[in-house]
Amino acid sequence: CLLCHTGPFPEEKFQGTLAPDLTGAGSRWSEGELRLRLVDPTRLNPQTIMPAYYRVAGLTRVAQAWRGKPVLTAEQIEDVVAFLSSLRD
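For the sequence shown, this note's numbering assigns the number 2 to the initial residue and increments by one for each residue that follows.
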């Protein structure tokens, strides 16, 4: 996440500036919205550069080793959703 996002992680020296700050993510987005942003972000923003972390169909420029495989498992997606939901203002 920190390649593109900043957040309330003072121990992380290098954080991205391409995407929204994750501070307060749980206050800004519902669990469903967070999940969709991870699973298939183009459903919310067709122009996004954020990759789909679970969807495998219809993707382009996918490395051979990753074709047909999600980046994160369903359990990992739920773990990230739970963590982001805990980030409240």
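C-beta: ideal position from N, C-alpha, C; glycine also.
Local conformation of residue i per DSSP, three classes
i	result
Thr74	coil
Thr30	Checking the displayed sequence, the identity of residue 30 turns out to be Trp instead of Thr. In this structure, Trp30 counts as coil in the three-state DSSP scheme.
Phe10	coil
Arg38	helix
Ala64	coil
Val82	helix
Separation of residue j from residue i, as counted between CA atoms
i	j	result
Gly69	Tyr54	12 Å
Leu45	Gln65	27 Å
Thr61	Pro52	11 Å
Ser28	Thr43	22 Å
Leu23	Glu79	16 Å
Glu12	Gln77	22 Å
Trp67	Leu73	11 Å
Residue of the options minimising C-alpha distance to residue i
i	options	result
Val57	Glu32, Ala75, Leu45	Ala75
Pro21	Thr49, Val72, Glu12	Thr49
Val82	Leu73, Glu32, Leu4, Cys2	Glu32
Proximal residues to residue i (C-beta, below 8 Å), its chain only, five neighbours per side dropped
i	result
Trp30	Arg38, Leu85
Arg89	Gly25, Gly27, Ser28
Close Cβ partners of residue i (< 6 Å) along its chain, the five nearest in sequence each way excluded
i	result
Cys5	Gly17, Leu19, Ala20
Item to complete: Inspect the CB distances between the segment 13–22 and the segment 34–45 and report whether three or more fall short of 8 Å.
Response: no
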